[in-house]
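Chains as they are written, first to last, in the working numbering: chain A, 22 to 483; chain B, 142 to 591. The beta carbon of each residue, even a glycine, is placed where N, CA and C say it ideally should be. These numbers were taken from a predicted model, which means no experiment stands behind them.
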Amino acid sequence: MHYESHIREPLILGDKNYHDVTVEVARPIETAPPRSWWIAFSISLLLFLWGVGNILYTIGTGIGTWGLNKTVGWAWDITNFVWWVGIGHAGTLISAVLLLFRQKWRMSINRSAEAMTIFSVIQAALFPGIHMGRIWLAYFVFPIPNQFGSLWVNFNSPLLWDVFAISTYFSVSVVFWYVGLIPDFAMLRDRAIKPVQKHVYSILSFGWGGKAKHWQRFEEVSLVLAGLATPLVLSVHTIVSMDFATSVIPGWHTTIFPPYFVAGAIFSGFAMVQTLLIIMRKMFRMEHYITIQHIEMMNIVIMLTGSIVGVAYITELFIAWYSGVEYEQYAFLNRATGPYAWAYWSMMTCNVFSPQLMWVKKWRTNIMFTFIISIVVNIGMWFERFVIIVTSLHRDYLPSSWTMFSPTFVDIGIYLGTIGFFFVLFLLYARTFPVIAQAELKTILKSSGESQKKHHTEDGHH
Amino acid sequence: MFVFSAKAKRFSLILMAVGVISLILNFTMSEGVSHEDVTHITSHEEHSQAVVGEHATGHSEDQHASNDHHETSSHDVGHDNHHQLVNKPWSRLFVNIFFFMAISLGALFFLSIQYAAQVGWSVVVLRIMEAMSQFLIIPVLLIIGLSILGVFHVHHLWHWMAEGIMDPESPAYDSIIAGKQGYLNPGFFITRSVVYLLIWVLGAKLFRKYSLQADTGSKEEGAALWSKKRTLSAVFLVLFAVSSSMMAWDWIMSIDTHWFSTLFGWYTFAGLFVSALTVITLIAIYLKMNGYLPELNHSHLQDLGKFMFAFSVFWTYLWFSQYMLIWYSNIPEEVTYYLIRFKEYKGPFMTALALNFLFPILVMMSRDSKRNMYFVITAGIAILAGHWLDHFVMIMPGTVGVEWSIGLIDLGIFCGFMGLFIWVVFSSLAKAALVPKNHPMLTESKLHHI
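This is how it looks when you write it as structure tokens:
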């Protein structure tokens, strides 16, 4: 058995055996949802429907319904796109990078984090889709044969790289998530009493039998997928950052963008995982699995990535001055003191200052505080993209074309709609999928369970 | 207990002797050249400079017109060439000083990560990182010494230190460089270097001190010191995050004074980290091969190999990010940096990329090769050679221009520093047990199996 130092905190609280884990993970699926689930679901569904209405209005009428203009040609929609893609990073980071780093605390949060990844990438993909205007011609983003019309994609454009990066990321994330789900679906299949459920879960579990060979293949595939997904996590936001950084727009073109975007994405992704899991652990009584220690660990990641983002902001500011290029200097001066200074300082407060509060152990282990900061961070990361996109564009090289951007109700409606859609998907998932990777979690019960750990220490064999 | 054997001592002394001889040759031979043939070389170089200018901009007239944005101010090419010749021995020295500084700083960073991230498996190699970080003081002091010499115009490594460059009355005046005076001025520059020295050396000493203290105490004291080191590591990492980036701007980026890149600090960090990981691994293998560190098993070796592999890829990622974005947008202020590297330094430039990326990818990918000491040694030597070359390509173009060469003298100076490094690190290793006692994660590390 794997040995673990007594100094490490237990990851599973209470006096649990394997059966308890099974029962408690299956409970949200096998019992009727609490009233809070129905309330959350109804609100999300309403938002979603409102968003659908706005999207249909946009498609029917045109992009003119948005607040974009000639100078600020990318604004609200691309802000939302980058925001959602960024949020999608935490899932794969937790399941792949933390797997490679053998971080055992990822086990009770990876399933939901991966689900969140998939759902948020779906929201992200929506925005470039509808921004095209004629969404029925969306297949032209792919390099398709000329029989469809003599239009060939521009391989020099990072926007095309984005199509490849995000679709690859989405597919690998789905496969990774699904592979992990197989033994858990099998568990649900074995427990199901109603024939329909039993049938559905037995199809989903691919005939999993839990044999040694199955497990060996399972672990091998997980490692290979983790190895593939790790560079993908970095590549996706790297390429999103290149949408901006390959240009010659001051404020967009800067070499730090790739790693800094990745750090920011992980930052916002973890904040969203916190938001979701704090609600979920309460709603489904998962406090013994998603412990204060898990929340603390995620807060430390938020603090770390927030600080990396902070260093990047300050580096950008410093180098803009140091470069001696007047356009660079003005772009940053305009950010901090121009008409959108309020957005810049909201971003600075939410992203740089607020995560520093996590240095205090008492605060980072406080659930209410964590919940508030997780939302603050996501507001900040939304503003970051808004600042980068809108303030860099609204005052370009030609002062006669300087202008402002303000969103219309359609812009706001579509954004709210994606939040609704995201929560609809997540809430449905939470009722039908095992929200904790119980098969994986059981592998550490003996080494990291609270009562088992206490037992080892008492016996004195380390 | 590790014994710094007479044989190893002799080896390191021989290396140091080679280094001293190379340094003497480095300075005497180069000075001979610049005094005897200065007119000849100057006129020859004037020609080759013009050729470089033409390559860089397409039209040499353009270069004269947009003087402001070019490294080589063409109004006194002869003067610059004189500087470049004077610089050459100093640049050779600086490349090696910086490289060994990078290795020991990277080891200190990795050491603090072991505590911040509550790492268990690495306890058996912690002492190697501690010993490597003890070397740090030497190269940092040497860099401070070099910058003081630069201020007194003994050499011309940092272009902005040139006489009159920030004085509007002077013929050497450069308005862009003058705009950076608030940051690039001798007083602030040296003060910053001293601050880096204090942060790093203090960090290295404290980690070492707590670690030795734990050896003599009880298990409980060991655990208490471990918590203390966790706090220390958090504080150190914050300071490191700022100082490592600023160090890269100061010591290297300001060589090409006009040029700027926001990624440069992190890029330099990636290079220093992977070099340090490689040296940690090589020392661990050396100890293992000489019968020390019985606790070090194939799983540890594989984990170290994974780090070498992963951070080689990470370095390449940052290399590509910086290169591709500058190449793609093709803005004159930025792209000149790569033009000279691509045109005049193609050999070392491309070799570094191959050694630092292709080699680790091909050799270190499989689990079996990471568990084979000879494969790891081969890859390690390639990675170190590659990163030495990378530092060479970072430093040389801005200091000696087209006057570069790589030869026995470079190798000799490298050997000298290697000898000194071995002497300091091995002496430090010999002072305490190779595996720390009373570390709360010690058993985890001993039982490490993947």
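Candidates the options: closest to residue i by CA position
i, options, result
"W342 of chain A", "B:T540, B:W400 and B:D356", "B:W400"
"W229 of chain A", "A:V217, A:M208 and A:I214", "A:M208"
"R333 of chain B", "B:V383, B:F348 and B:Y479", "B:V383"
"L418 of chain B", "B:H300, B:I238 and B:G446", "B:G446"
"I279 of chain B", "B:V265, B:W262 and B:L246", "B:L246"
"G412 of chain B", "B:Y478, B:N513, B:Y486 and B:F533", "B:F533"
"L549 of chain B", "B:M170, B:H224, B:M514 and B:W460", "B:M170"
"F339 of chain A", "B:Y469, B:F455 and B:T403", "B:T403"
"Y199 of chain A", "A:Y281, A:D432 and A:S133", "A:S133"
"N237 of chain B", "B:Y478, B:F377 and B:V281", "B:V281"
"V576 of chain B", "B:I244, B:Y256, B:L434 and B:W367", "B:L434"
"A61 of chain A", "A:T100, A:A357 and A:F444", "A:F444"
"T275 of chain A", "A:K475, A:I316, A:F353 and A:G434", "A:F353"
Where the alpha helix (DSSP H) through residue i begins and ends
i, result
"A159 of chain A", "Counting along the chain, A159 of chain A falls outside any alpha helix (DSSP H), and DSSP gives it neither H nor E."
"C556 of chain B", "L549 to A571"
"D211 of chain A", "P179 to R212"
"Y464 of chain B", "H439 to S470"
"E347 of chain A", "E347 to T358"
"K219 of chain A", "P216 to L225"
"Q314 of chain A", "I313 to S344"
"T276 of chain A", "Element bounds for T276 of chain A: n/a, residue is neither H nor E."
"M153 of chain A", "Here M153 of chain A belongs to no alpha helix (DSSP H), and DSSP marks it neither H nor E."
"F510 of chain B", "The sequence shown places Ser at residue 510 of chain B, rather than the Phe named in the question. Per DSSP, S510 of chain B belongs to the alpha helix (DSSP H) from R508 to K511."
"I390 of chain B", "Just to set this straight, residue 390 of chain B is Trp in the shown sequence, not Ile. First-last for W390 of chain B: undefined, no H or E at that position."
"A362 of chain A", "A362 to M369"
"V493 of chain B", "The displayed chain sequence assigns Ala, not Val, to residue 493 of chain B. First-last of the alpha helix (DSSP H) with A493 of chain B: K487 to L494."
"T386 of chain A", "Careful: T386 of chain A lies outside any alpha helix (DSSP H) and carries neither H nor E."
Residue i, buried or exposed, once every other Cβ within 10 Å from all chains shown has been counted against 16
i, result
"G94 of chain A", "exposed"
"M430 of chain B", "exposed"
"K321 of chain B", "buried"
"W301 of chain B", "buried"
"F430 of chain A", "exposed"
"F169 of chain A", "exposed"
"S192 of chain A", "exposed"
"G323 of chain B", "exposed"
"H27 of chain A", "exposed"
"Y458 of chain B", "buried"
"R349 of chain B", "buried"
"H580 of chain B", "buried"
As assigned by DSSP and simplified to three states, the class of residue i
i, result
"I33 of chain A", "strand"
"G83 of chain A", "coil"
"G228 of chain A", "coil"
"G323 of chain B", "coil"
"I270 of chain A", "coil"
"G521 of chain B", "helix"
"P55 of chain A", "coil"
"D417 of chain A", "coil"
"L156 of chain B", "helix"
"H188 of chain B", "Because H188 of chain B carries a pLDDT of 42, less than 50, the predicted location of this residue cannot be relied on, and the following value inherits that uncertainty. The answer is helix: DSSP assigns H188 of chain B an H, G or I state."
"S26 of chain A", "coil"
"L226 of chain B", "helix"
"S427 of chain A", "coil"
"V295 of chain B", "coil"
"W95 of chain A", "coil"
"E405 of chain A", "helix"
"L347 of chain B", "helix"
"F374 of chain A", "helix"
"S395 of chain A", "helix"
"I260 of chain A", "helix"
"M142 of chain B", "coil"
"T398 of chain B", "coil"
"P455 of chain A", "coil"
"N145 of chain A", "Note that residue 145 of chain A corresponds to Ala in the displayed sequence, not to Asn. If DSSP states are grouped into helix, strand and coil, A145 of chain A belongs with the helices."
"W545 of chain B", "coil"
Strand pairing of residue i, partner residues [DSSP]
i, result
"G540 of chain A", "Absent from the model: residue 540 of chain A. The displayed extent of chain A is 22 to 483, so no value can be given."
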